[in-house]
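S.K.: Provided herewith is a single structure, encoded as structure tokens, for subsequent inquiry.
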Amino acid sequence: MIEIERALTRIAYLAGRARQHERLMALAGLSLDRAAVAILRHIAESEPLRPGVLAVRLSVEASHVTRQLGQLEKGGYVIRVPDPDDRRAQRIQLTDAGLAAVERIREASRRGMSIALADWSAEDLGQLAGLFHRLPADFVKHAEADVDIPPSA
């Protein structure tokens, strides 16, 4: 377990580096901060969403999402649409520019991964993809089960 924790820490460090994000934005030809990219990617996978639902899913304060959505709306990446389930509420939807931005980010990310993992076999890549899908699913399932973790001895 120690080696897994070390690997996850290293991955989180590399993924969270500002320089890595700046490089991704340069490759994508965009100027968006990390929070904006996270929001755009999340909406693209499950749009349209209420801002509060988006905040819960991203595990951030609603005020952070509201602020980011305002900037994304001004930039033409998202629009607010009526919530069909509650006329008082609104949902957030990507515009064509938002969809294009997400695709550019994904393409830049894929290019970078293709270069970094060029020496990996198709079998290794398949195993990695399977484990990367399984890992967060199991973490979320554990977190939602609210299981007490016994203290270490």
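Plus 9 on top of the position in the sequence shown (first one is 1) and you've got this note's numbering. We put the CB at the ideal spot given by N, CA and C, even for glycine. All of these numbers come straight from a predicted model, not from anything done at the bench.
1. Shortest alpha-carbon distance to residue 102 belongs to which of 109, 94 and 89?
2. Any chance the segment 39–58 sits against the segment 104–116, with 3 or more Cβ pairs inside 8 angstroms?
3. Taking the straight line between their C-alpha atoms, what separation do you get for residue 81 and residue 87?
4. Between residue 20 and residue 106, what straight-line distance do the alpha-carbon atoms span, to the nearest angstrom?
5. Below 8 angstroms between beta carbons: does that hold for residue 71 and residue 79?
6. Reducing DSSP to helix, strand and coil, say where residue 58 ends up.
7. Cβ atoms of residue 43 and residue 98: under 8 angstroms apart, would you say?
8. Just how far apart, CA to CA, sit residue 94 and residue 104?
9. From which residue to which residue does the beta strand (DSSP E) around residue 100 run?
10. What are the uninterrupted segments assigned as alpha helix (DSSP H) that are 4 or more residues long and contained completely in the segment 58–94, given in chain order?
11. Run through DSSP, which three-state label would residue 10 get?
M.R.: Let me lay it out:
1. When each option's Cα is compared against that of residue 102, the closest is 89.
2. The answer is yes - the segment 104–116 touches the segment 39–58, with three or more Cβ pairs under 8 angstroms.
3. Straight-line Cα distance between these residues: approximately 6 angstroms.
4. Distance from the CA of residue 20 to the CA of residue 106, rounded to the nearest whole angstrom, comes to 30 angstroms.
5. No, these two residues do not count as a Cβ contact at 8 angstroms.
6. The answer is strand: DSSP assigns residue 58 an E or B state.
7. Not a contact, by the Cβ cut-off of 8 angstroms.
8. Going from the Cα of residue 94 to the Cα of residue 104 covers about 21 angstroms.
9. Judged by DSSP secondary structure, residue 100 falls within the beta strand (DSSP E) whose first and last residues are 95–103.
10. Qualifying alpha helix (DSSP H) stretches, in chain order: 60–67 and 71–83.
11. Residue 10 falls in the coil class under three-state DSSP.
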